Every structure is written in structure tokens, then in C-alpha cells.
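Here is the structure we will look at, set down as C-alpha cells.
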Amino acid sequence: MHLTEKEEAAEILRISGVKADNCMQCGKCSAACPAGAKMDILPHRFVWELMNGRVNNLAASNTLWQCLSCFTCSARCPRGVDPAKLIEAVRLSVIRKQGENRLNVDELPAEIDEMMPQQALVSALRKYNK
Amino acid sequence: MVYNYYPGCTLSTKAKQLDLYAKKAAEALGFELAELKEWQCCGAVYPLVQDEIGTRLSSVRSLAAAAAIDGKLVTLCSACHHVLKRVNSDMAENKEINAKVNAYLELDKPYQGETQVLHYLEVLRDEIGFEELAKKVVKPLTGRKIGAYYGCLLLRPAGVMQFDDPENPSILEDFIKALGAEPVVYDYRNECCGGYIALKDKSSAQNMVSKILTSAANKGVEALITACPLCSYNLQVNAAAAQPLPIFYFTELLAEALGVKEEV
Amino acid sequence: MQKIGVFVCWCGSNIAATVDVARVAESVKSIPGVAFAADYRYMCSEGGQELMQKAIKDYGLSRVVVCSCSPRMHEATFRKAAQAAGLNPYLVEIANIREHCSWVHKDKEVATAKAIALAKAAIAKVKLNTPLVSGESAVVKRALVIGGGIAGLQTALDIAEAGYKVDIVEKTPSIGGKMSQLDKTFPTLDCSACILTPKMVEAATHENITIYTYSEIEKVSGYVGQFEAVIRKKARSVSVDRCSGCGICSEKCPSKKAKSEFDQGLRNRSAIYIPFAQAIPNVPVIDRENCLKFQTGKCGICAKVCPAGAIEYEQEDELVTQKYGAIVLATGFEPIDMAKFGEFNYEYCPDVITSLEFERLTNAAGPTQGHLVRLSDGKKPKSIVFVSCVGSRDTTERGKTYCSKICCMYNAKHAMLVKEKYPDIDVQVFYIDVRTPGKSFDEFYRRAVEEYGVQYTKGMVGKITEEGDHLLVHASDVASGAQLSVPADMVVLATAIKPAADARKLATMLTASIDTNDFFTEAHPKLRPVESPTAGIFLSGVCQGPKDIPETVAQAGAAAVKVLGLLSKDKLLTNPCVATCNEQTCSGCLACEKVCPYGAISAEYKLVNVKGLKERRLIAQVNEALCQGCGACTVACPSGAMDLKGFSNKQIMAEVDAIC
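Residue numbers (this note's numbering), protein chains in the order written: chain A, 4 to 133; chain B, 15 to 278; chain C, 341 to 1000.
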């Protein structure tokens, strides 16, 4: 089944459970996002795109892989919007497709040092791979 | 008092200290952590979208197991606490998730989110009380300037976690006070350490850790405490060489103040 | 047999588009008693009223039912029209087929069926209506104004000028309110004190105005025209009559650790204090919590140094009871608490301040004599960041859902004042939207940008951190989609405003309604904006909703006009729809007395005729002047002895029967 971009955006909003229309584009989510420095699309723009039925450039953005789900944006939003959930929904829509995993499991051992907790591995595999 | 205890994957290996000190301190405080039988990994990250059912199942198994005993479940690791608490809330609040999870698990009794998930710190604050804790301190950490590093997962989202004020928390500061040390508040105590990005983009984690450690050091912090193994890892491994602040699990200081550290 | 006329209004398309009005008229014609039925485009128009009056005469109608809008809109209109045609006005019933029917339904078939049902119910009820006659009650020619800020002062002055007595009750030691704390006022930048103090003096010296400062309302009873209020005059511990206001007591007072409320806690005050130089009355109060004499028994220095012998430690609170015809609420506002907004670092950084604190900091009479310096080190800031919407337009449990309305303008004012006095200071304002409707308001804001070079950035601030000796403001630039970290020496937070803390308590006391934010509700948001739905209670200033000084003064004047309209009447017609007790069936249990919110029910032993025998029994008595016709007693009465005129139990049951 092929969805139009608008339908895909609606589907993202549905699985996220977030009411993006509550957003008034104040930018508070982006203001102190600790991962914002390396995002090409900051959280408020991410919400804006979805509110306007656009998702293609979001799916291609590095925001998906930089967001740490620290929930700072969600905690500070004055309108109860949860940008972290929206980013997660788009991220999942990408990695759920075949061949879209972001961590190469074969290369992982090189990244792992003596002290690294299992928690880091499990989290990363959940976030970057499916 | 015996509490059902969910240690999680990291606490049996890389973060053994967090677990061992907690158990020793519990003994000194008159309660016991009884490990839940056949607990399963919580998945480390909470599945944020509503149509992720499979990744919620393991948490529900543990929650339901605790419900079958006495309805309380104590956690130590921030990530486990976060995941279990949020999945638990889904089971209580979200009918669709509840129905799908129960249909899949076919438990003896459908699970409705009735277990009370308690972090070890909440046991200290709400069940024992910091005043009582202070009375049991035999080696007060007098004169030590300790900074609390909260990170993200214990505090946010406040509505579900119900742990503390997410922007101006006080539970760890009150804990530090109870141990006789001096809590030092600094701006970055609730900012992210980088978490799992350490695996994907180390420089990002280093950048975030640097802000946290600089902010703490500028306020005169001499050591940081945390409840999260991944935070502890990042704060140590991804710190610049010039900013070596000692990082402790909060339970280590607790055991020390209670005079049972050497027994571990 | 009654002769009932039924008039079905189209209300243009408001009703007729959803309800088949002709069918409604047609279908009620067959109901026994209905002698006339017709539909008409606008029943409230002169034509509509004439139609009704002509039918009353031509058909000898004894009862009228109008199927139209809510009785809140036109019940009075139709009663008057019927009365002019010789009918008792209480023989008219309204079936609300607009708000209760056409406006809430889409399906014409269903709506028409419902309109017919509502009409049938009204017909069933009107058959049992009895002619009622209004009583009269006197009007006490005195008004009470609660709150002595600019709103209360203006209302009181306008009433007093028209020749009526007014009492102002102010809970703090001086009148003046929030306006007395401000430095300059927008959009003309005139000094706040310079335009306020003449009004304070005028009120204080006006022969028709009595001011109770350091006083609170303890209790209010009664009803429109006949309120009775108990005012608690808190013990000042200083004789207002003897004190000359020399101030030597404050100077010598050894307890100087209390935070000055007037200076927003930015400086300390003594335990015996006059809040500010132009305070009225210019008489100190002793804050007993902080007074050594009251706390330890030792001290008494103020009494020793007072040249007038005015210190009275033994003073006690005094209760004053007074009758009023009208009450005006002018209780104002306060800024929200910043405790829940930890990300702004207000609690830990002395250089993060609120806008009201900034007012004190730039005020020549303030803690720094108007020198703009940092509270942390006393140095002049080189850069200041202003943050809008702190807690406003916030739908989470932390903030307020509404726009606080005054902040955009005072931010522009503050920014401009800084630039005017210190052109070398960098000023940046972070905003979500700049909202400046109002005469000369947008021009004022643009001046800040265009003439003074204030930098306006669209984007909210997410966190404020300390970096050595300065602050770092982490914000977003929404237009360019960038994260900013702006160094600043001082940050000023435009905190949301909320109604004064005691608004809810007063609302309960006066049965005046308030909204979810504790703002007092007006009787009609457009057409009766200064009246509370409770008769005789009027609203002035921010207690009704956020507004600036010009709007507050305008509204205060409007409230005064409404009060004058009431006080100028000698008599008020009372609502005849009041409760009445059937002495035959009353058991004297007095369940009614317990539920009556107006204290209108009392008990009395009476000789009652029971089956030919005289019996002395306890009977409930209704004071018709106090009864507001709410009907609570009729519901509470176990024997059905209590009944409400115009809404009798029989009438209500007849309505229900007609529908079911």
C-alpha cells in the first residue's frame, strides 16, 4: 500500500498519540535541546512539518539519529505537545523498513570498551536498529 | 519489610556496585530486596509510540509477577525505573495497549497496571523517610560537597514519573543532606549525558558531559552521585581528561555513611 | 378552560433553519386549551409583540407561551408585552427552542420533534401558572468597593462624585495597589506615582469616601440593595488618630529583617513600617510576626521613641458592620509564583528577576534609587534579556492558559526605558507573538525596535544557566530555526498574572461566580461586562480578566455607572418567584433551613389548624426579601411542604408528564 506524504504524516501523528495542533511554534522545545547542536531540523520545526502534513524531509533528517529521548522538550513544552514522541514515530517508520538499520552489528565490538554497560548496547540497538 | 526487586541487566555485571551497596544499605536500614524470579530485560528504552506492543511485553511480565506477590516493585537503575513505570502507566491508562498486551500474554489474570513501581530513592524518601535515614547514619559525610546528577529518566515526563519537580528536583539533595554531606546545586544536574549516543557519535556525548562537569565544578562540586549506570559511564569515560570529578553511585555513599561499605 | 396562545419564533434562520416552526405551531393547536398558535419571523420585534398583544385581545388569551430563545434573553420583553395587553406578566412561559434545541442539533426532523416536546411542556406548565405580584425592597444608598488599587479607587471616586457614600476596603496597609509599585506607564511613559497619587489623595480626602486599609471582608449577607458586610479592621498597633507619620519608629526599630512586600522582597523593612513614601494613610503598622515586642516581650523601642504616643500594642482587630446597596469587586492580581519553572533559574540566580521586580529596580524610590544594577554584585549590566510569556498561554499544570495581555507592552516599555537611560546596554526581547492592540500601542512597540534598536527575537527561552559572572540564555530563533546561547548580565521574566489569592474566598462569600482561573465572571461577556451574574455585585479591573491601566480605568468607571443606576433607585422590585411553606404539611424538620444559601429560612412556633384542631407546631418561615428563588429548599423538603412560586412541584411534574 502506498501512502501519500500527507497520509504518512497523519499515520505518524496517529501512532505517536501526540496532538501536534496544540503547538504554537514558540520554540521552547528547541531552545535548550541538548542534542540540538547537531540536528538539521530542530524539534519545533519537526512539529511544524508534521502539522503541515510533510514528512519526507523529516525521514531523511539526522534529527532522528541525534535525538536522545531525554524528554527535555516534552517536559518544557507549554502546550503539552511531546516532540520526542513525534521524532520517535518518524524514526520507527524509517527503521521498520528493510535495510534501514543504522548500527552495523559486526562493527560494534570495536566500539565497546571495558566499562560500557549493557544498558548502552540494548538502548542503542533499540533506537538504531529493528 | 521485604520488597520485590528488579535489578535489570546491568546491575548484575557492569554496575554491580550500585546493586551490592544498595542491598547492604537496605540491611542496615532494616529492609530487604528480594530479587524477582525470572525477571526479563525491560528493553532499556521506553517504546514511545503506541503501536509498539512487543517491546512492552517483558516489562509487563515483571510488573505482573510483582502484582501477584504484594503489588510493589523496587528498581535501582534509572532506565529500568523509567521503562517499567511508563509501561505500567500505559497498562493503567491506555485501553488499546492494555487490550493488545493482555491478549498476547494470556496471563492467569489480566494485568491492569496495578503494581506500584518504586525507585530505591523513593523507598528512602517516602517509606523510610530521610529524617529516619539521617538517624541511622554512623559515619556522616561531613564537609563533603556532593553534586546530584539526576539525568533525564528519573524526572521526565513528570506527569507519569511522579518522582520530583523535573526542573528543580530535591530528592537527591535531601538524600545528600541526610548523609551529612553538603549538597551543591548546579545548572546541568537534569541535563542529558548523551546516553546511548556514545555508541554512535562519541563527540556528542563528550560535548554534553563536558557541560555537565564544568557546570558542577564551577559550583564547587567535589564528587557527583547518580543512579544510572549509563550516566555513570558517560560521566567517566566521555569526560575530558582535565575534568576528572569522581562519580559515585548514590548507594555507595549511602553504604559508606551507614558504615557498611567495607562489608561489600 | 384556559385560553392559551402559542407563538413560535423563527429567530431569522437561527431557529427556522433547524426547526420546522410552522409544524410546531400546527401541532400544538390540537392540545386542549390552546386557542391560538402562530409562527413569526422575529417575536422580539415590535411586529412580533404586536402579534401577541393583538391575539391576547382578539382571542381573550389567558396564558401565553413563546417558543423562542433562552428566557435569559427575552423573558422580560415578552412579559412586558403581555402586561401591556392586560395580562399578569407571570402568566407567560418561554420554551427555549434555540439554545436548547436548534443550536445544538443538525437533523431538522429530530429538532422539530424536540421543539414540539418543549412547547408541550411549556403549555402544560403555563396552565398551572398563577398571577404573581412583585414586592418592593428599599435600596441602601451606600456602596462597598473591595480593593484599593487603581480600579477600586476610580470606581469609588466616580460613585462619590455622583453624591453617594462609598467605603473602600483594602487588605494591605495602604491604598494604591500594583500601580503604586510601577515606575513608568505605557504608552506615554509618564510616571506611575505622579498620576496615581493625586487619585489616592482625592479618594482619601473625599467627603463621601471612607477608606478601611489593613482590613478585610469577614462576612457578607443580604441581597441587592440590602447587603450587610462585616469588615475586619486588623490591628495596626498604631493609633491612626495620634500618629503624625514622622517615621522615627521605623527608623529606630531594631527588627529589620522582614522582606518589603512593596519592593517585591528586594530590600528589607522594619517590623513597624509604612510601605512606601506616598502611602495613604501615612501611618505605620506593626507586623507582629517580625516584631520583637510581640515575639519575645522585650523591646518596646517604638513606643519609647514615638513623640505622639501613638503606639498601641494592646490594639485588637475590630469588626465593623455596615449596610450597602451595591458591592464592587476590585481585588486585582498578582504575578504567578516561579517555583514550578526551575529552568529559568529564578530561585538560584539573583540576576534573573521578574518584571515587577524590575519595576522596583528602575524606580527612583526603589531599593537602588533607580540605578539599574545587578542584585548579585551591584554592577551595571551590559546586556539584558527580556523573556515574554513566562507561564502565560501555557496549558500544562505549570502555567495559565490565557494571555496575560499586559506583558508585551511593558516589555517594550522596559526595553525602551533601559535604552533611553543607558544606550550602551544591549537589550534583547524573546517573544512568541508580540500582541499590541490598543491606541498607539503597536507604534510604541515599533519605536523600541526602530528608534531604540531593541533586538526582538521570535522564540522562547528554554533554560538559563550561570557561566561565571554572567548568565547564558538558551533560546531558539524560530524564524531561522537556530539554537541560540545569548550571554546576558540580567534576565527579566514577564511572568503571567493571576487573580488575587482571596478571589475564590470572596466569590464564595458573595455567591459571585468565578471561572476556572479564579477570575470573576461577568453576567454577559459582551453586553454586561462589569456586572456579576449575582444582582448587586459589580466587577472592576483585573479581577475580571487581564487588562492594562487604561482599560482598568475605563471598566472601573463603567462599574461605577452601573452602581449609580442601582443606588439612584429608591425601591427595587423583588422577584415574586420565591419559596413558600405550606403550614399544613410542614413537619418542622428544617431540612430547608440547612440548605438555604441565603439564610432566608427561619423557624417559628405557630398555631396551625389541623383537621379542625388548633395545634402549636414548629414551622419553617421564608423571608421573601432574602429568598432568591433557587429552589434548593423545595428539593430538600421531605414532605413537599416547601414550594416555589412560578416553579411549583406541580408545574414541574406537569412539564415532565407532557414530555414523557
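C-beta: ideal position from N, C-alpha, C; glycine also.
All values reported here derive from a predicted model rather than from experimental measurement.
Hey, is ALA172(B)'s beta-carbon within less than 9 angstroms of any beta-carbon in chain A? yes
For ARG281(C), does the count of other Cβ atoms within 10 angstroms reach 16, so buried, or fall short, so exposed? In this structure chain C extends from 341 to 1000, so residue 281(C) is not present and cannot be described.
Do you know how far the Cα of GLU439(C) is from the Cα of SER410(C)? 6 angstroms
Proximity to LEU659(C) [Cα-Cα], best of VAL725(C), LYS740(C) and TYR554(C): Nearest C-alpha to LEU659(C): TYR554(C).
Local conformation of ARG129(A) per DSSP, three classes: helix
Considering only residues of the same chain and omitting the five flanking positions on each side of ALA377(C), which have a CB-CB separation below 6 angstroms? VAL346, ALA365, VAL368 and LYS369
Looking only at its chain, what residues have a beta carbon closer than 7 angstroms to the beta carbon of LEU106(A), apart from the 5 residues adjacent to it on each side? ALA127, LEU128, TYR131 and ASN132
Opening and closing residue of the beta strand (DSSP E) in which CYS349(C) lies: 344-349
Can you tell me the Cβ-Cβ gap for LEU43(B) and ILE190(B), rounded? I've got them flagged as a contact below 8 angstroms. 16 angstroms between Cβ atoms; not a contact.
Three-state secondary structure (DSSP) at SER825(C)? It is a strand residue.
Can you check DSSP and say which residues form a bridge with HIS814(C)? LYS803(C) and SER825(C)
For GLU390(C) and PRO933(C), the rounded distance between their alpha carbons: The identity of residue 933(C) in the sequence shown is Glu, whereas the question assumes Pro. Approximately 45 angstroms, taken between the alpha carbons.
Where do the N-terminal and C-terminal ends of the alpha helix (DSSP H) with GLN423(C) fall, by residue? Element bounds for GLN423(C): 411-424.
Simplified DSSP assignment, three categories, for ASP447(C): coil
Could you give the distance in angstroms between the alpha-carbon of TRP51(A) and the alpha-carbon of ALA12(A)? Rounded to the nearest angstrom, the two C-alpha atoms are 11 angstroms apart.
Answer with yes or no whether the minimum CB distance from SER1001(C) to chain A is below 9 angstroms. Absent from the structure is residue 1001(C), since the part of chain C shown begins at 341 and ends at 1000.
VAL97(B) to PRO124(B) span [Cα, whole Å]: 20 angstroms
For THR856(C), name the three-state secondary structure that DSSP assigns. coil
List the residues of chain B whose Cβ lies closer than 9 angstroms to the Cβ of GLY682(C), in chain order. ASP179, PRO180, GLU181, ASN182, PRO183 and ASN204
Assign ALA841(C) to one of two classes, buried (16 or more other C-beta atoms within 10 Å of its C-beta) or exposed (fewer than that). exposed
Pull up the DSSP beta-bridge partners for ARG868(C), would you. HIS864(C)
Given that VAL151(B) touches chain C, what residues does it touch there, using C-beta distances under 9 angstroms? None at all; the shortest Cβ gap to chain C is about 27 angstroms.
Nonlocal neighbours in the same chain, by C-beta distance under 6 angstroms from SER455(C), ignoring five residues either side: At residue 455(C) the sequence reads Ala, which differs from the Ser that was named. Closer than 6 angstroms at the Cβ level, and outside the excluded window around ALA455(C), lie VAL359, VAL364, ILE437 and CYS441.
DSSP has TYR664(C) in a bridge; who is on the other side? PHE567(C)
At what residue ranges does the region 437-514 of chain C contain a whole run of the alpha helix (DSSP H), taking only runs of 4 or more? 448-466 and 490-501
List the whole-angstrom C-beta distance separating LEU67(A) from ILE90(A), where the pair is believed to meet the contact cut-off of C-beta under 8 angstroms. 6 angstroms
Taking Cβ-Cβ distances below 8 angstroms as the criterion, which residues of the region 666-696 of chain C are in contact with chain B? ALA679, LYS680, PHE681, GLY682, GLU683, ASN685, GLU687 and TYR688
Quick check: the Cα distance between GLU501(C) and LYS481(C), rounded to an integer number of angstroms? 14 angstroms
Per DSSP, what kind of secondary structure is PHE726(C) in: helix, strand or coil? strand
Going along the region 539-561 of chain C in order, which residues come within less than 9 angstroms of chain B, judged by CB to CB distance? none
Helix, strand or coil for ARG733(C) per DSSP? coil
In the DSSP assignment, find the beta strand (DSSP E) that holds ASP983(C) and state where it starts and stops. 982-984
Opening and closing residue of the alpha helix (DSSP H) in which THR636(C) lies: 632-636
Are there 16 or more other CB atoms within 10 angstroms of the CB of PRO937(C), so buried, or fewer, so exposed? exposed
Distance, Cα to Cα, GLU591(C) vs PHE784(C)? Distance between the alpha carbons of GLU591(C) and PHE784(C) is about 42 angstroms.
For the alpha helix (DSSP H) holding ALA976(C), just list the boundary residues, first then last. 972-976
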